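Taken in order, the sequence shown gives residues 841 to 1053; the numbers are from the numbering used here.
The beta-carbon is built from N, C-alpha and C at its ideal position, and this holds for glycine as well.
No experiment lies behind these values; they were computed from the predicted model shown.
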Amino acid sequence: MNHGKIQEALEWRYATKKFDASKKISAEDWRTLTESLKLAPSSYGIQPWKFLVIENPKIREELKPVSWNQTQVTDASHYVVFLYKDAIDQPYVDKYIQRMTEVRGVPAESLQGFKDMLINNLVKAPEEKIRVWSQRQAYIAMGFLLETAALLKIDATPMEGFSPSDYDRILGLEGSGWKSVATVALGYRHSEDSYQNLKKVRFADDTLIEYVK
Ligand SMILES: Cc1cc2nc3c(=O)[nH]c(=O)nc-3n(C[C@H](O)[C@H](O)[C@H](O)COP(=O)(O)O)c2cc1C
């Protein structure tokens, strides 16, 4: 993909306000979108996230009123709720180390130093620090999803306009160790969504990007 095409996709994308509910993302495109979530980087690679794809239309209807009645919740082809892990415990570290040994074919003993570091830096860290850190990781995956969608010419809306505690209740997350932090609606823009014609408001390059020489 060349520079011009990337620039074009970045300008084409916008936070879609109104989706065409009749248009669905193909299975092939969806696969690439989920790969972008899976392959997103995270601190230590520990992936303190989960992505709930809400397929059930009744649940989507239930989520809408606690999402400022935003129509994207029900009209988008796909609706993803980003969850973060609110604490990293020893079993989660063990699970990650186990996965590492399987994927890379290395003995667990060779990862002992890494494991100790994870325990010191994450398991033993103050809860609030981990909560904030974990949420940040989820936003990295969100960024990957948004960019991939744009490159595929799939519309998307990043959303924080919802009540996380109501989402956690409706989605049965209470007590699970997972909490909702953000969502992304994906699909195809409605031809009547006037937001697609708005110019992007961004600060000038030289105020955003400074070179330290
Ligand atoms: C984390 C985050 C949360 C957002 N929440 C909402 C939302 O709940 N509803 C909405 O319509 N747009 C939401 N937006 C979209 C922003 O308003 C939009 O990205 C911004 O105005 C820039 O416009 P553009 O994305 O069309 O270029 C959100 C964006 C981000 C990054």
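Residue i: CB within 7 Å of a non-hydrogen atom of ligand 1
i       : result
Thr997  : yes
Tyr1007 : no
Gln910  : yes
Glu799  : In the structure displayed, the chain extends from 841 to 1053; residue 799 sits before or after that span and is not available.
Gly1001 : yes
Tyr919  : no
Lys1054 : The chain is shown from 841 up to 1053; residue 1054 falls before or after that span and cannot be answered.
Lys1019 : no
Tyr854  : yes
Lys1040 : yes
Ala990  : no
Ala1044 : no
Ala1022 : yes
Proximal residues to residue i (C-beta, below 7 Å), its chain only, five neighbours per side dropped
i       : result
Ala916  : Phe859, Ala1025, Leu1026, Gly1027
Glu1032 : Lys858
Val913  : Arg900, Leu903, Lys904, Ser907, Tyr919, Ala1025
Thr988  : Thr872, Leu873, Ser876
Proximity test, residue i beta-carbon vs ligand 2 heavy atom, cut-off 7 Å
i      : result
Lys857 : Among the ligands modelled here, namely ligand 1, ligand 2 does not occur.
Neighbourhood of residue i by C-beta, 8 Å cutoff - its chain only, sequence neighbours within 5 removed
i       : result
Pro881  : Ile980
Lys1040 : Glu851, Tyr854
Residue span of the alpha helix (DSSP H) that contains residue i, given as start and end
i       : result
Asp860  : Counting along the chain, Asp860 falls outside any alpha helix (DSSP H), and DSSP gives it neither H nor E.
His843  : 843 to 852
Glu875  : 867 to 878
Asp1045 : 1045 to 1048
Anticipated Cβ contact below 8 Å, residue i with residue j, distance rounded
i      : j       : result
Pro998 : Ser1020 : So it is not a contact: roughly 14 Å between Cβ atoms.
Ala990 : Ala867  : Wrong, their Cβ atoms sit about 20 Å apart, outside the cutoff.
Cut-off 6 Å between Cβ atoms - residues of its own chain near residue i, not counting five sequence neighbours on either side
i      : result
Lys969 : none
Trp870 : none
**Study point:** Complete runs of the alpha helix (DSSP H) confined to the stretch 883 to 953 [at least 4 residues]
**Key:** 897 to 903, 912 to 915, 930 to 944
Exercise for review: Report the residue ranges of all beta strand (DSSP E) runs contained in full by the stretch 952 to 1025; include only those spanning at least 3 residues, in chain order.
Suggested key: 995 to 999
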